[in-house]
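Numbering of the sequence shown is given in my numbering, commencing with residue 2 and proceeding in unit increments. Backbone N, C-alpha and C define an ideal beta-carbon position, used for all residues, glycine too. What follows is a set of notes on a single structure, which appears directly below.
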Amino acid sequence: MRAGHAGIDPTITGGAMPHAKCALHARTRSGARTAAALRMSPPKVCVMADSNAPGFTVQRGGILSDNMIFSTFMTTGRYAVSAMLAFGLAATCNATPATPGAQPSAAPRPVLDEEFADPFVLPLQDGSLVAFATNRRGKDGTALHVPMSTSQDALHWTAPREAMPQLPAWARADRPDLWAPEAIRAGNGYVLFFSARHATRRRPDGLTLCIGAAVSRDATGPYVPQPEPLTCGGEHGVIDVSPVRERSASGGEHLWLLYKTDGNCCGAPTTFVAQRLRADAQALVGEPQVIQGAVNDQPWEGHVVEAPQMVQHAGQWYLFFAGNDYGSGAYATGYARCDSPLGPCVDAGENPILRSRDGDPPLVGPGHQSVFEHAGRSWIAFHGWRPAEGGRPRYRAMYVLPLDWRQGRPVPRE
Numbered sequence: 002m003r004a005g006h007a008g009i010d011p012t013i014t015g016g017a018m019p020h021a022k023c024a025l026h027a028r029t030r031s032g033a034r035t036a037a038a039l040r041m042s043p044p045k046v047c048v049m050a051d052s053n054a055p056g057f058t059v060q061r062g063g064i065l066s067d068n069m070i071f072s073t074f075m076t077t078g079r080y081a082v083s084a085m086l087a088f089g090l091a092a093t094c095n096a097t098p099a100t101p102g103a104q105p106s107a108a109p110r111p112v113l114d115e116e117f118a119d120p121f122v123l124p125l126q127d128g129s130l131v132a133f134a135t136n137r138r139g140k141d142g143t144a145l146h147v148p149m150s151t152s153q154d155a156l157h158w159t160a161p162r163e164a165m166p167q168l169p170a171w172a173r174a175d176r177p178d179l180w181a182p183e184a185i186r187a188g189n190g191y192v193l194f195f196s197a198r199h200a201t202r203r204r205p206d207g208l209t210l211c212i213g214a215a216v217s218r219d220a221t222g223p224y225v226p227q228p229e230p231l232t233c234g235g236e237h238g239v240i241d242v243s244p245v246r247e248r249s250a251s252g253g254e255h256l257w258l259l260y261k262t263d264g265n266c267c268g269a270p271t272t273f274v275a276q277r278l279r280a281d282a283q284a285l286v287g288e289p290q291v292i293q294g295a296v297n298d299q300p301w302e303g304h305v306v307e308a309p310q311m312v313q314h315a316g317q318w319y320l321f322f323a324g325n326d327y328g329s330g331a332y333a334t335g336y337a338r339c340d341s342p343l344g345p346c347v348d349a350g351e352n353p354i355l356r357s358r359d360g361d362p363p364l365v366g367p368g369h370q371s372v373f374e375h376a377g378r379s380w381i382a383f384h385g386w387r388p389a390e391g392g393r394p395r396y397r398a399m400y401v402l403p404l405d406w407r408q409g410r411p412v413p414r415e
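This is the structure in structure tokens:
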């Protein structure tokens with residue numbers, strides 16, 4: 002979200018690359034240079050400006066750091082990478098010869114290998130887990146407004162079933178676009194939040210997306226929706242809702258609702274907003290406030306940031322979010338450190354922390370994350386695209402990885 006380096010002078014040295022140690026230099030428009038050294042294993046390799054080098058063919062693409070995009074080129078035992086001229090990178094590489102027959106490390110595999118997009122995982126007091134996802138069709142062809150799955154260990158999940166049988170009265174019935182539900186325990190039950198297409202309210206490109214709520218005594222439902230939306234925001238509507246519990250040092254707590262203004266629908270900026278929730282989490286209180294520092298200004302984020310989730314770990318607030326086109330391999334996950342649920346927030350320099358990568362199967366477009374605690378440690382759930390095959394269109398499956406904390410940095414364990 003914070004602005005990165007820019008420049009125009011990429012250069013190259015290098016040969017056989019795996020296990021290379023590269024000094025990456027970014028030349029800014031003012032001529033200043035910065036450098037960072039990193040150890041890379043095959044097939045992540047050094048930077049090469051000439052993408053037309055003889056004997057090389059394009060193998061794959063991805064993001065090496067928050068200010069560099071790369072493509073891998075391969076011949077037998079040799080690797081190189083092309084610098085993205087727009088980012089103005091220069092590089093020098095010193096490498097040991099490649100190990101013959103070296104293979105890329107395996108990408109993670111889905112834990113729920115069917116359509117389960119925008120997953121959110123809610124830990125329960127008995128140690129079990131409940132996950133919710135964006136609307137879809139069931140295997141029998143019937144609509145699932147809020148698909149739900151349960152697990153005891155975060156790695157094995159039940160077949161999705163319906164958590165909210167009835168649509169809210171205010172939502173469009175034929176195509177509700179009921180997206181990215183998240184839940185929180187409040188009072189004697191649970192409140193489920195979601196965005197859905199309003200039946201009559203309009204924005205420049207069509208019907209507005211609004212945020213609604215539904216309640217249940219049980220975490221697995223059935224959830225009963227409220228008759229009116231909590232908010233429809235301004236001109237462009239709102240999506241990607243996420244509840245946050247803020248506990249004070251004195252033992253009190255406040256509930257917040259985070260969401261995204263949907264300006265990218267219509268060529269306008271997107272922002273992340275926080276608004277106080279009533280103690281029972283069934284109504285908003287006060288005015289929405291823009292989360293300071295949460296802006297869409299990094300190259301890897303493309304035209305949009307979305308899916309905000311605020312997490313507190315070891316006294317530090319972290320804003321996790323997704324960026325770029327959700328339908329492409331450029332979709333990825335990053336985070337920012339924040340002083341409070343309202344900010345100010347500062348982007349992590351190592352973003353994105355989850356990105357597309359090769360493997361068997363590959364990981365494509367990992368995003369719309371859910372960070373949660375289970376069995377004494379942190380985890381991160383997210384979706385990734387699975388390929389079309391056998392007449393079935395491509396779909397977004399759910400992945401779950403352990404999330405390590407290294408010197409205050411969240412690191413998915415792939």
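When you compare only the Cα positions, how much space is there between residue 277 and residue 261?
15 Å
Could you check whether the region 354-366 touches the region 331-345, counting it as contact only if at least three pairs of C-beta atoms, one from each stretch, sit closer than 8 Å? yes
Would you kindly report the start and end of the unbroken beta strand (DSSP E) that includes residue 386? 378-387
Fill in: Own chain residues within Cβ distance below 6 Å of residue 307, not counting five before or after
241, 261 and 323
| What do you reckon, are the CB atoms on residue 185 and residue 123 nearer than 9 Å? | yes
query: According to the neighbour-count rule (16 or more other Cβ atoms, all chains shown, within 10 Å of its Cβ), is residue 304 buried or exposed?
result: exposed
Exercise for the section: Have a look at 220, 173, 117 and 182 and flag the residue whose alpha-carbon is nearest the alpha-carbon of residue 244. Expected result: 182
* To do: Just mark residue 238 as buried or exposed, buried being the case when its beta carbon has 16 or more other beta carbons within 10 Å.
  => buried
* Rounded C-alpha distance that separates residue 135 from residue 180 -> 4 Å
Practice item. Jot down the residue ranges of each uninterrupted beta strand (DSSP E) in the region 96-161, minimum 3 residues, whole runs only, in chain order. Key: 121-124, 130-133 and 148-152
**Asked** Per DSSP, residue 196 is paired with what?
**Response** 180 and 212
Identified DSSP bridge partners for residue 369 | Answer is none; residue 369 lacks a bridge partner.
Sufficient close CB pairs (3 or more, under 8 Å) joining the region 400-411 to the region 313-320: yes
Pull up the DSSP beta-bridge partners for residue 339, would you. 318 and 346
Kindly say whether residue 202, judged by its beta-carbon, lies nearer than 9 Å to any beta-carbon of chain B. Of the protein chains in this structure there is only one, and it is not chain B.
**Prompt:** So, using beta-carbon positions, are residue 353 and residue 388 closer together than 9 Å?
**Reply:** no
Checklist line | Between the CA atoms of residue 251 and residue 485 - distance to the nearest angstrom | finding: Absent from the structure is residue 485, since the part of the chain shown begins at 2 and ends at 415.
Q) To the nearest whole angstrom, what separates the beta carbons of residue 132 and residue 121, a pair I think is in contact under 8 Å? A) 7 Å
Go to residue 243, then tell me how far its beta strand (DSSP E) extends in each direction, as first and last residue.
239-248
* **Contacting residues, own chain, Cβ-Cβ under 8 Å from residue 145 (five flanking each side not counted)** => 136, 137, 138, 139, 161, 162 and 163
With 16 as the cutoff for other CB atoms within 10 Å, does residue 167 come out buried or exposed?
-> exposed
- Can you tell me whether DSSP reads residue 171 as helix, strand or coil? coil
- prompt: Does the distance from the C-beta atom of residue 190 to that of residue 219 stay below 9 Å?
  reply: yes
By the DSSP assignment, the beta strand (DSSP E) with residue 404 in it spans what residues? 396-407
ask   = How many Å lie between residue 113 and residue 375 at the Cα?
value = 18 Å
Measuring straight from C-alpha to C-alpha, what distance separates residue 310 and residue 297? 15 Å
Item checked: One or two residues paired with residue 185 in a DSSP bridge -> 192
- Residue range of the beta strand (DSSP E) that residue 257 falls in? 254-262
Taking all protein chains shown into account, do 16 or more other C-beta atoms lie within 10 angstroms of the C-beta of residue 413, making it buried, or fewer, making it exposed? buried
Which whole-angstrom value is the C-beta distance of residue 205 and residue 400, which I expect to be below 8 Å?
-> Residue 205 to residue 400, Cβ: 35 Å. No contact.
### Query
Quick one, are the C-beta atoms of residue 344 and residue 269 less than 9 Å apart?
no
Can you tell me which of 289, 398, 118 and 174 puts its alpha carbon nearest to the alpha carbon of residue 234? 289
Item checked: DSSP bridge partner residues for residue 312 (one or two, in chain order) -> 319
inquiry  = Taking the beta carbon of residue 284 as the centre, do at least 16 other beta carbons fall within 10 Å, making it buried, or is it exposed?
reply    = exposed
Q: Could you check the C-alpha separation between residue 373 and residue 383 for me, to the nearest Å?
A: 11 Å
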